[in-house]
Amino acid sequence: MTSPAGPPPTGSGDGEQQRLRLLAVTACPTGIAHTYMAAEKLAQAAESRGIDMKVETQGSIGAENVLDDNDVKHADGVIVAADKDVDLSRFAGKRVLTVGVAEGIRHPEQLIERVLSAPVHTEGGAPTAPAAGGGKERSVGYKALMNGVSYMIPFVVVGGLLIAMSLSIGGHTDPSGGLVIPKDSFWMDVNNIGVIGFTLMVPILSGYIAYAIGDRPALVPGMIGGWIANTGELYDSKAGAGFIGAIVTGFLAGYLVLWIKKVKVPKFAQPIMPIIVIPIVATTALGLFFIYVIGKPISWVFEHLTDWLSGMTGASAVLLGAILGLMIAFDMGGPVNKTAFLFGAGLIATGNQTVMGMCAAAIPVMPLGQGLATLIRKRLYTGQERETGFAALFMGCFGISEGAIPFAAARPAQVIPANMLGGAVAGAIAGVAGVEDAVPHGGPIVAVLGAVSGVPMFFVAVVIGSVVTALVTVALLDLSERARRGAAAGPEPALVGVGAGAPGGGDVVAERTVRAAEPVGAPASSGETVAPASAGRAPAEEVGVGEVLSGYLTRQTVQVELGARDKESAIREMGELLARTGRVADVEELVACALRREAQGTTGLGDDIAIPHAKTDAVTEPVVGFARSAEGVEWGSLDGTKAKLVFMIAVPEAAAGDEHLRILALLSRKLMDVGFRERLLAASDTDTLLGVLREIG
């Protein structure tokens with residue numbers, strides 16, 4: 001069944017039609033279970049119909065079974081079952097059907113029928129199509145923003161830490177004012193490298209937001225637009241538009257490129273559109289638009305804010321401090337922040353050092369508060385975010401407010417209000433206490449170097465402001481998470497763009513991974529050897545159960561009958577089961593982490609299977625549990641079945657990118673074996689269950 005619009009199935013030279021050849025790509029946001037489930041279902045459906053199919057899986061362990069040019073050349077159609085960004089440019093000229101990963105699991109037979117009449121993908125087409133039937137999905141805007149944040153974070157961390165290091169070791173107060181590093185010193189070179197990192201931070205954010213929306217042609221206009229936004233001199237502003245301007249240019253560039261792609265051009269011009277025409281047109285249009293249209297209002301606002309603040313110098317110190325704190329915390333290096341900062345710095349020369357004292361107290365509150373929040377409520381943050389939190393704490397000590405930008409860019413609705421409240425509190429306390437700062441810089445470093453008068457109250461202001469920011473951030477994130485839990489759970493949010501990592505919760509983070517499954521008989525990560533299932537094992541009571549999943553699943557963590565009747569109770573019961581091993585330091589935190597993972601997207605895989613999992617330091621070593629439910633537990637599985645086979649995996653953060661993914665890949669693949677599932681359901685006691693479970697490896 002083919003349509004005249006596309007190539008027919010390949011045929012042999014003697015006129016006999018050859019087997020149909022199809023390709024598929026499967027990918028879920030986390031790149032673990034659903035990716036492989038969909039691949040297996042599609043392959044099985046194709047085989048049952050006598051169709052040749054090769055499936056590429058884009059999982060957290062990397063792309064496997066990659067489709068090469070020869071595969072694409074001879075393919076009659078391509079099925080892309082994915083809930084994340086997949087590059088379709090290599091499939092130009094082929095029929096391409098794009099659906100959600102859930103469709104690949106639920107209806108593989110229908111997809112095989114539909115792909116034969118799917119539209120032919122053209123060069124420069126959209127990078128992905130909306131997931132069909134894949135459940136609730138994060139918006140394109142959210143995923144684009146997360147993509148930009150994930151690429152920006154390393155630049156913030158590297159730039160900020162190098163600047164902080166150079167200031168702490170090579171910096172000193174100058175009699176003429178300011179915190180300086182000798183120009184020809186080694187530490188000035190280190191500082192310059194850090195400044196480059198910070199300079200690139202904003203265009204990187206803008207560029208990869210644009211890339212996630214408009215694909216590769218949008219990368220150049222996005223980055224150049226971000227650079228323009230951050231360079232105020234181009235539009236007569238003393239301060240650039242900062243990261244907020246970068247977000248604006250990123251979205252403008254991405255959607256501008258999408259619009260240009262829709263313009264019909266002669267066939268001879270199509271090859272040069274994505275590499276020459278689109279980038280040049282989009283970059284020029286966006287750059288001029290920002291300079292002449294958006295940039296002028298920014299400059300106007302900046303000047304009038306400065307005039308307004310100048311008229312407030314005689315007003316209440318508490319009110320002025322609160323306003324300056326709000327402005328410092330709003331955009332962290334952007335125009336509003338710089339307006340307040342330059343206002344305070346400019347008054348130092350007149351002998352008024354109290355205004356700079358207010359600013360200096362507010363400057364470190366954002367990174368310190370956000371870093372503190374990652375320590376107060378670890379489960380609300382991914383491993384990458386917690387690492388960024390530590391870096392933010394360090395940057396805060398040296399008055400580098402940009403350390404909080406990754407948090408504000410990822411969750412602006414929660415983080416920016418919390419930052420502003422904490423900054424206002426710190427500024428107000430410093431104002432009422434009459435704190436003075438003799439240098440145009442902020443943070444504890446200026447107090448340590450002797451540039452601040454009223455040091456005790458300065459630290460009181462900083463500490464209270466940081467605590468307020470942390471507590472408000474945690475409260476707002478908690479509220480946001482509860483609201484998400486109340487909604488229908490869908491696939492996990494994912495960062496888009498090639499190589500992007502995800503920023504939030506559960507498995508939503510760019511993870512470094514290892515092999516999906518070690519060959520039977522290969523050394524396991526724990527150092528043990530996983531014996532083949534057919535190696536003639538003795539009965540369960542005679543053989544060490546350490547041979548099940550490298551010893552992570554033991555007799556202690558196998559339960560013949562699960563007592564719980566709902567998902568939350570089942571996860572709690574499984575958490576208590578894992579605690580029998582002594583590897584669980586905090587059962588409540590483990591359960592909370594697993595539930596948060598469920599809020600991101602169900603771990604019910606269908607076919608009576610659920611694999612709840614958690615990456616948390618509430619466990620000291622990797623541990624796996626298994627329990628059966630005769631009646632089944634409603635788990636929100638993709639195929640509507642209740643979970644009767646429940647595996648729970650818990651690993652400490654240190655093993656998050658290694659054993660966690662290996663275990664999940666091993667389980668999800670083995671559980672595709674119908675016979676294996678039937679043997680698990682039929683096993684009468686613990687020993688028999690362990691015998692079956694050893695087949696996993």
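My numbering numbers the first residue of the sequence shown as 1 and each following residue consecutively. Each residue gets a CB set at the ideal place from its N, CA and C atoms; glycine is no exception. Since we're looking at a predicted model, the values are computed, not measured.
Run through DSSP, which three-state label would D673 get? In the structure shown, D673 sits in coil (DSSP, three-state: anything other than H, G, I, E or B).
Buried or exposed: where does K378 fall if 16 or more other Cβ atoms within 10 Å of its Cβ makes it buried? So K378 counts as buried.
Just checking my contact of L200 with A246 at CB under 8 Å: how many whole Å lie between their CB atoms? Rounded, the Cβ-Cβ distance is 11 Å, inconsistent with contact.
Report the start-end ranges of each beta strand (DSSP E) in the segment 50-105 that is 3 residues or longer and not cut off at the edges. Entirely contained in the segment 50-105, the beta strand (DSSP E) runs reaching 3 residues are, in chain order, 52-59, 62-64, 77-82, 96-99.
Determine the closest residue to I649 out of K267, A618, I429, E634, with distance taken between C-alpha atoms. Answer by Cα proximity: A618.
Output the distance between the C-alpha atoms of A212 and G222, rounded to the nearest integer angstrom. When rounded, the distance between both Cα atoms is 10 Å.
When we look at the beta-carbon of G226 and count the other beta-carbons within 10 Å, is it buried (16 or more) or exposed? Taking every protein chain shown into account, the CB of G226 has 16 or more other CB atoms within 10 angstroms, so this residue is buried.
Same chain only: Cβ atoms within 7 Å of V140, ignoring 5 sequence neighbours per side: Only I213 meet the Cβ criterion.
Indicate the three-state DSSP secondary structure (helix, strand or coil) for S466 in the structure shown. The answer is helix: DSSP assigns S466 an H, G or I state.
Nearest residue (CA-CA) to Q110, options I79, M37, D607, D608: Taking only the C-alpha atoms, the option nearest Q110 is I79.
Just the Cα atoms here: how many angstroms apart are G691 and E387? If you take the alpha carbons of G691 and E387, they lie about 41 Å apart.
Nearest neighbour of I663, chosen from G171, G250, V623, A373 [CA to CA]: For the residues G171, G250, V623, A373, the minimum Cα distance to I663 belongs to V623.
Collapsed DSSP secondary structure at A461 in the structure displayed: Correct three-state label for A461: helix.
Please confirm whether G232 and L320 have their CB atoms less than 8 Å apart. No, these two residues do not count as a Cβ contact at 8 Å.
DSSP three-state call for D687: helix, strand or coil? Looking at D687 - three-state DSSP - the assignment turns out to be helix.
With distances taken between CB atoms, is the gap from I298 to A210 smaller than 8 Å? For I298 and A210, no; Cβs fall outside 8 Å.
For the 8 Å Cβ check, are there 3 or more pairs between the segment 633-640 and the segment 562-572? Because the criterion of three Cβ pairs below 8 Å is met, the segment 633-640 and the segment 562-572 touch.
I'd like to check one pair, F626 with T554: are the Cβ atoms closer than 8 Å? Here T554 is not near F626, since their CB atoms are 8 Å or more apart.
Exposure of A510, with buried meaning 16 or more beta-carbon neighbours within 10 Å: Its pLDDT being 32, under 50, A510 is placed unreliably by the model, and the measurement read from it follows with that caveat. Buried.
What do you reckon, are the CB atoms on R21 and A92 nearer than 8 Å? Between R21 and A92, the gap from beta carbon to beta carbon reaches 8 Å or more.
DSSP-derived helix/strand/coil call for T26: Strand at T26.
For the putative contact between A447 and F459, defined by C-beta atoms under 8 Å, what is the C-beta separation to the nearest angstrom? Contact between A447 and F459 holds, with the beta-carbon distance rounding to 7 Å and staying under 8 Å.
Quick one: give me the first and last residue of the beta strand (DSSP E) that I649 is part of. Segment 643-651, the beta strand (DSSP E) holding I649.
In angstroms, rounded to a whole number, what distance separates the CA positions of G443 and G396? About 6 Å.
Touch check for the segment 573-588 and the segment 599-611: three-plus C-beta pairs under 8 Å? Judged by Cβ distances under 8 Å, the segment 573-588 makes no contact with the segment 599-611, as fewer than three pairs qualify.
Opposite G604 in the DSSP bridges: which residues? DSSP lists A610 as partners of G604.
Alpha carbon to alpha carbon, how far is G423 from F289? In this structure, the straight-line span from the alpha carbon of G423 to that of F289 is close to 33 Å.
Residue(s) in a DSSP beta bridge with V584: V619.
Residues near A643 in its chain [Cβ-Cβ closer than 7 Å; skip 5 each side]: Leaving aside the five residues that flank A643 on each side, the residues in its chain whose CB is nearer than 7 Å to its CB run, in chain order, G604, D608, I609, A610, S629, G632, V633, W635, S637.
Given a cut-off of 8 Å, decide if I400 and G160 are closer than it, judged by their beta-carbon atoms. A distance below 8 Å separates the beta carbons of G160 and I400.
Identify the residues that DSSP records as bridge partners of V365: which are they? V365 is not bridged to any residue.
D216, DSSP secondary structure in three states: Correcting the residue type first, residue 216 is Arg in the shown sequence and not Asp. DSSP places R216 in the helix class (H, G or I) of the three-state scheme.
I need the boundaries of the alpha helix (DSSP H) containing M574, first residue and last residue. Counting along the chain, M574 sits inside the alpha helix (DSSP H) bounded by residues 567-579.
Answer yes if the segment 360-377 comes into contact with the segment 263-274, meaning at least three C-beta pairs across the two stretches below 8 Å, and no otherwise. No, the segment 263-274 is not in contact with the segment 360-377.
Work out the CA separation of G606 and V467 for me, nearest whole Å. Distance between the alpha carbons of V467 and G606: 44 Å.
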